[in-house]
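Novice:
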Amino acid sequence: MTVAAPSRRSFLQLAGTGLALSGLGVSTVSASPLRASAVGGPVLLNFNECPYGPAPVAQAAAREIVAGSGRYLFALAGELRDLFATQEGIGKDHVRLYPGSSEPLNRAAILWTSTSAGLVVADPTFEALGDLAAARGATVVKIPLREDGAHDVRAMAAAAARINAGLLYLCNPNNPTGSITPADDIAWLLANKPRQTRVLVDEAYLQYSEQRSVIGQVMQRDDVIVLRTFSKLYGMAGLRLGVAAAHPDRLRELASLGDNPLPVTALAAGLASLRAPGLVAQRKAENTQVRQATVAWLAARGFSCVPTEANCFVVDVKRDGSAFAAAMAEHGVVIGRSWPIWPQRVRVTVGTAAEMCRFRDAFAAITG
């Protein structure tokens, strides 16, 4: 089947759709004055950030609480925890807040990997956990993704048994690919993994996808930890707010490494985001539309992407990925890097419709 290439006009038209409802936070680029690309500067498509920033209601909440931020306002954290737990249908004692999801990710490596307890991850995937585990002397086994981009759960379970893994990491949708691992595969993994192996499911990009969460498993098992973040769809990467959901015993282990009050601005913005009706659906729809149009444009020119349901994709540029990224930067578009297992593929964050027009122009100029 031949895929028609979207025109530049069709990309620009996306920017003016009814999805840009300021009250829901799906605003135009001009609503984010700090985005360099809004004023003709470089387009930043390298860190999987949300190009719209926090929802307007979240921005307002953060501003309004600054005057009272001379106090710790501890009750805010409990309010946010309880609201998150209610919305997800889990017990509030199964939820703990952190400044982003990197904090509990790093704690998991310290607690559950060692010289005698290894780690199993996909390849490629988000690397922070593997890097920290390796630095602690843990054996880290990387299992290549399947051709469809899913985690190879059977190979991962076998590797976990082989190395006495203390932890298995599954990012769904995956970073950098945005690809998904079907719920049935995750269910198989939980049923067949070694008993001593804890499974950490990173759902940082889940809200962009059509996949259902596995967060309900924390009410039934003590060996599953689910991470969420406000950094991606909610646009709060710089504000730092994340959630770890797990059995209370696992949360106590995570907390054993210390605690620190969260910024009240992040808590206020997080509460406002969770309470904003339609915010997730609107941002998800806009991201999907722009992403699919971009992937179709690339496919029409012979450049394949791993199937994705996130705000990023990996494209095969048919040449050295690092050199390609450098060439794109020279054209004013900063994209992500390549991975050792895929040296000719690069990760690209999905920006606004206008930003993806700049991406197309730069890509076409380089590839001819």
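Per the numbering used here, the sequence shown starts with residue 17, numbered consecutively. Just so you know, even glycine gets a beta-carbon here, dropped at the ideal spot from N, CA and C.
PRO323 by DSSP, collapsed to three states: which one?
Specialist: coil
Novice: Taking the beta carbon of ASN276 as the centre, do at least 16 other beta carbons fall within 10 Å, making it buried, or is it exposed?
Specialist: exposed
Novice: Looking at the secondary structure, which residues open and close the alpha helix (DSSP H) in which CYS373 lies?
Specialist: 369 to 383
Novice: Please look up how many angstroms separate the CB atoms of VAL333 and GLN360, rounded, as I've assumed it's under 8 angstroms.
Specialist: Their Cβ separation, rounded to whole angstroms, is 6 angstroms, which keeps VAL333 and GLN360 in contact under 8 angstroms.
Novice: If you compare alpha carbons, which of ALA91, LEU92 and VAL111 is closest to PHE100?
Specialist: Closest option to PHE100, judged by alpha-carbon separation, among ALA91, LEU92 and VAL111: VAL111.
Novice: Using DSSP bridges, identify the partner residues of TYR88.
Specialist: In the DSSP output, where bridge partners are listed per residue, TYR88 has none listed.
Novice: Roughly how many angstroms separate the alpha carbons of SER320 and MET252, rounded to a whole number?
Specialist: 31 angstroms
Novice: Could you check if LEU273 is buried or exposed, using at least 16 other CB atoms within 10 Å of its CB as the buried criterion?
Specialist: exposed
Novice: Go through its chain and collect everything with a Cβ distance to VAL234's Cβ below 7 angstroms, but skip five positions before and after it.
Specialist: Within the same chain, Cβ atoms closer than 7 angstroms to the Cβ of VAL234 are found at ILE106, HIS110, VAL240, VAL242, ALA261, ALA262 and HIS263, the five residues on either side in sequence being excluded.
Novice: Relative to the C-alpha of GLY232, which residue among SER247, GLU143, THR102 and ILE382 is closest?
Specialist: Of SER247, GLU143, THR102 and ILE382, the residue nearest in Cα terms is THR102.
Novice: Using C-beta distances below 7 angstroms, list every residue in its chain close to LYS209, excluding the 5 sequence neighbours before and after it, in chain order.
Specialist: ALA173, ALA176, LEU184 and VAL215
Novice: Which runs of the beta strand (DSSP E), 3 residues or longer, sit entirely within the stretch 274 to 359?
Specialist: 328 to 332 and 349 to 351
Novice: Starting from the Cα of ARG299, find the closest Cα among GLY337, LEU270, SER225 and ALA271 and give me that residue.
Specialist: Comparing Cα-Cα distances from ARG299 to each of GLY337, LEU270, SER225 and ALA271, the minimum goes to SER225.
Novice: Tell me which residue opens and which closes the beta strand (DSSP E) that ILE241 is part of.
Specialist: DSSP places ILE241 inside the beta strand (DSSP E), whose first and last residues are 240 to 245.
Novice: Taking Cβ positions, are PHE375 and VAL349 nearer each other than 9 angstroms?
Specialist: yes
Novice: I'd like the ranges of any alpha helix (DSSP H) spanning at least 4 consecutive residues and lying wholly in the stretch 133 to 202.
Specialist: 144 to 151 and 169 to 179
Novice: Classify GLY94 as helix, strand or coil using the three-state DSSP reduction.
Specialist: helix
Novice: For GLY34, count neighbouring C-beta atoms within 10 Å of its own C-beta (all shown protein chains included) and say buried if the count is 16 or more, exposed if not.
Specialist: Note that GLY34 scores 34 on pLDDT, short of 50, meaning its location in the model is unreliable; the coordinates nonetheless yield the value given after this. By the neighbour-count rule (16 or more Cβ atoms within 10 Å), GLY34 is not buried but exposed.
Novice: What three-state label does DSSP hand THR102 in the structure shown?
Specialist: helix
Novice: By a C-beta neighbour count over all protein chains shown, 10 Å radius and 16 as the cutoff for buried, is PHE90 buried or exposed?
Specialist: exposed
Novice: Quick one: Cα of ILE81 to Cα of THR368, how far?
Specialist: 29 angstroms
Novice: On the three-pair Cβ rule with 8 angstroms, is the stretch 197 to 213 touching the stretch 153 to 173?
Specialist: As far as the Cβ criterion goes, the stretch 197 to 213 touches the stretch 153 to 173, which means the pair count is three or higher.
Novice: Does the distance from the C-beta atom of VAL306 to that of LEU61 stay below 9 angstroms?
Specialist: No.
Novice: Give the secondary structure of TYR114 by DSSP, where H, G and I count as helix, E and B as strand, and everything else as coil.
Specialist: strand
Novice: What separation, rounded to the nearest whole angstrom, lies between the Cα atoms of ALA316 and THR310?
Specialist: 10 angstroms
Novice: Please state whether the Cβ-Cβ distance between LEU270 and LEU113 is less than 9 angstroms.
Specialist: Taking 9 angstroms as the Cβ cut-off, LEU270 and LEU113 do not qualify as a contacting pair.
Novice: The beta strand (DSSP E) with ASP218 in it runs from where to where?
Specialist: Start and end: 214 to 218.
Novice: Cβ of THR310 within 8 angstroms of any heavy atom in the ligand ADP?
Specialist: Within the structure as shown, the ligand ADP is missing, as the structure has no ligands at all.
Novice: Here's the rule I'm using: 16 or more other beta-carbon atoms within 10 Å means buried, otherwise exposed. How should ASP218 be labelled?
Specialist: buried
Novice: Following the continuous alpha helix (DSSP H) through VAL364, name the residue where it begins and the one where it ends.
Specialist: No alpha helix (DSSP H) contains VAL364, which is instead part of the beta strand (DSSP E) from 361 to 365.
Novice: Can you check whether the CB of THR193 is closer than 9 angstroms to the CB of THR324?
Specialist: yes
Novice: What residue range is occupied by the uninterrupted beta strand (DSSP E) comprising LEU61?
Specialist: 59 to 61
Novice: Checking 9 angstroms against the spacing of the C-beta atoms, do ALA78 and ALA282 come in under that value?
Specialist: yes
Novice: Looking only at its chain, what residues have a beta carbon closer than 7 angstroms to the beta carbon of THR304, apart from the 5 residues adjacent to it on each side?
Specialist: none
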